[in-house]
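Student: The sequence shown begins at 1 in the working numbering and counts up by one. The C-beta atom is built at its ideal place from N, Cα and C for all residues, glycine as well. Since we're looking at a predicted model, the values are computed, not measured.
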Amino acid sequence: MRNRIFADLDRVVALGGGHGLGRVMSSLSSLGSRLTGIVTTTDNGGSTGRIRRAEGGIAWGDMRNCLNQLITEPSVASAMFEYRFGGNGELSGHNLGNLMLKALDHLSVRPLEAINLIRNLLKVDAFLIPMSEHPVDLMAIDSHDHEVYGEVNIDQLDLPPKELMLYPTVPATREAVEAIGEADLILIGPGSFYTSLIPLLLIKELAQALRRTPAPVVYIGNLGRELSPAAAGLSLPAKLALMEQYVGKKIIDAVVVGPNADVSGMEGRVVIQEPLEASDIKYRHDRHLLRVALEKAIQALG
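#1: Might you give, ordered along the chain, the residues of its own chain that have their beta carbon closer than 8 Å to the beta carbon of V271, omitting 5 neighbours on each side?
#2: Within the stretch 130–213, note down every full beta strand (DSSP E) run reaching 3 residues or more, in order along the chain.
#3: Scan the stretch 227–287 and note each continuous beta strand (DSSP E) run of 3 residues or more that stays entirely inside, going in chain order.
#4: Assign A140 to one of two classes, buried (16 or more other C-beta atoms within 10 Å of its C-beta) or exposed (fewer than that).
#5: Tell me, to the nearest whole angstrom, how far the beta carbon of S27 is from that of R287; I am working on the premise that it is less than 8 Å.
#6: Alpha carbon to alpha carbon, how far is L117 from G265?
#7: Is N95 helix, strand or coil by DSSP?
#8: Keeping to the same chain, check which residues put their C-beta closer than 8 Å to that of V292; ignore five residues upstream and five downstream.
#9: Considering just the uninterrupted stretch of the alpha helix (DSSP H) at A79, what are its terminal residues?
#10: Below 7 Å, is the gap between the Cβ of P214 and the nearest heavy atom of the ligand GDP?
#11: Mapping DSSP to helix, strand and coil, what is M1?
#12: Going by DSSP, name the residue or residues bridged to V127.
#13: Pull up the distance between the alpha-carbon of E55 and that of N98, whole angstroms please.
#14: What is the DSSP secondary structure of G20, reduced to helix, strand or coil?
#15: Between which two residues does the alpha helix (DSSP H) holding I115 run?
#16: May I have the straight-line CA-CA distance separating M1 from I251, to the nearest angstrom?
#17: Does DSSP classify I298 as helix, strand or coil?
#18: Between the Cα of V170 and the Cα atoms of A103, T36, D137, which residue gives the shortest distance?
#19: DSSP on A14, reduced to helix/strand/coil?
#20: Return yes when the Cβ of L276 is within less than 8 Å of the Cβ of G16, no when it is not.
#21: Let me make sure I understand the geometry here. Which of G18, H106, T72, R50 has the alpha-carbon closest to that of E90?
#22: Give the C-beta separation of L107 and I129 to the nearest angstrom, bearing in mind that I take them to be a contact with Cβ-Cβ under 8 Å.
#23: Confirm, please, whether the CB-CB distance from L122 to F81 is below 8 Å.
#24: So the beta strand (DSSP E) I220 belongs to, where does it begin and stop?
#25: So what does DSSP say about L70, is it helix, strand or coil?
#26: How would you call L206, buried or exposed, if buried means at least 16 neighbouring beta carbons within 10 angstroms?
#27: Buried or exposed: which applies to G233, given that a residue is buried once 16 or more other Cβ atoms fall within 10 Å of its Cβ?
#28: With H, G and I counted as helix, E and B as strand and the rest as coil, what does DSSP make of A103?
#29: Considering only the alpha carbon of each residue, which of C66, I203, G87 lies closest to M165?
#30: Classify L35 as buried or exposed, calling it buried when 16 or more other Cβ atoms lie within 10 Å of its own Cβ.
#31: On a CA-only basis, which of D158, E295, V76, Y83 is nearest N318? Give me that one, please.
#32: Please identify the residue among P160, D184, F193, T72 whose C-alpha is closest to the C-alpha of V217.
#33: Helix, strand or coil: which one does DSSP assign to N303?
Structure representation (structure tokens):
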């Protein structure tokens, strides 16, 4: 029997946040409605943070970023969604897409409904699901046993935190749990380790779903050095060990990394190591190269 390829998979689920998840999903956008992204919603910086402080609700920035990267048909709606206000006024720095999502959130029964309305408006076929539909922030206990509140502050830690948690404790979005349960392949990363990837694993129902899934799990490593000093010092084995500690089981079957990554300590896992850099921005993944590398991982996993 030949090895599997993306065409054989009915459900692919990608987990993450920020630019990383959007890049993965855009590289696999040809999967259409067979692709689902589960998005981190703990951002408290920039336009998203300002909206949350003023209006409450979940963080929309990572969701907007994913939607932006999945737009394939430019339109007036997509131009509006991508618009960022300049100048020095009260709207300066705000992304109109964040405001549109927040407005639709007010008009909808639940955040997922608002996301689906925007997906339809922008003609995005892939599904996007927030990790939780409840407002939540990331918290850490630093190396001096002090509480550190919010993604922005956690990203500035010099040393790895002793503990990470969500405040308050929130349930997972039901559809996110179902997507993991139905997945044929699960992708985690790339992205800011402590603030884009770990928050997803801190939700009890998502961790439980990852423990139970029979689907192979592939970790996609970053290409550039992380801006977070604490995360930048972590080795690849340390990252995998910490993720699996939060999940409660060894789940990562394969890693896809660039040629400069140190892959020592990867015994028992499939390693796909090859050039993945985009020609314009070296720390971003080239969409085609990433898809090819992921296909190699699928084939190696059988």
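Tutor: Based on what the coordinates show:
#1: Within the same chain, and ignoring the five residues on either side of V271 in sequence, the residues whose Cβ sits closer than 8 Å to its Cβ are A254, V255, V257, V263.
#2: Every unbroken stretch of the beta strand (DSSP E) spanning 3 or more residues and falling wholly within the stretch 130–213 is given here in chain order: 137–141, 147–149, 163–167, 185–188.
#3: You should have 252–257, 270–273.
#4: With 16 or more Cβ atoms within 10 Å of its Cβ, A140 is classed as buried.
#5: About 4 Å separates the two Cβ atoms, so the contact holds.
#6: A straight-line Cα-Cα distance of about 45 Å links L117 and G265.
#7: Strand at N95.
#8: Once the five neighbours on either side are set aside, V292 has no close Cβ partner at all.
#9: Run containing A79: 76–82, per the alpha helix (DSSP H) assignment.
#10: The ligand GDP is absent from the structure shown, which contains no ligand whatsoever.
#11: Note that M1 has pLDDT 40, beneath the 50 cutoff, so the model's placement of it is unreliable and no number is given.
#12: Before going on, a small fix: residue 127 reads as Phe here, not Val. Partner(s): T36.
#13: Taking the Cα positions, E55 is about 12 Å away from N98.
#14: In this structure, G20 counts as helix in the three-state DSSP scheme.
#15: From DSSP, the alpha helix (DSSP H) with I115 extends over 111–122.
#16: Note on M1: pLDDT 40, under 50, position unreliable in the model; no value is reported.
#17: When secondary structure is reduced to three states using DSSP, I298 falls in the helix class.
#18: Comparing Cα-Cα distances from V170 to each of A103, T36, D137, the minimum goes to D137.
#19: Strand.
#20: In this structure, L276 does not lie closer than 8 Å to G16 by Cβ.
#21: Ranking the options by Cα distance to E90, first place goes to R50.
#22: In fact, because the Cβ distance is near 19 Å, the residues do not count as touching under 8 Å.
#23: Yes, Cβ-Cβ distance for F81 and L122 is below 8 Å.
#24: Start and end: 217–220.
#25: Helix at L70.
#26: Under this definition L206 is a buried residue.
#27: Exposed, by the Cβ-count rule.
#28: In the structure shown, A103 adopts helical secondary structure according to DSSP, grouped into three states.
#29: Closest option to M165, judged by alpha-carbon separation, among C66, I203, G87: I203.
#30: Buried.
#31: Nothing can be reported for residue 318, as the shown portion of the chain is limited to 1 through 302.
#32: Answer by Cα proximity: D184.
#33: With the chain covering 1 to 302 only, the question about residue 303 has no answer from this structure.
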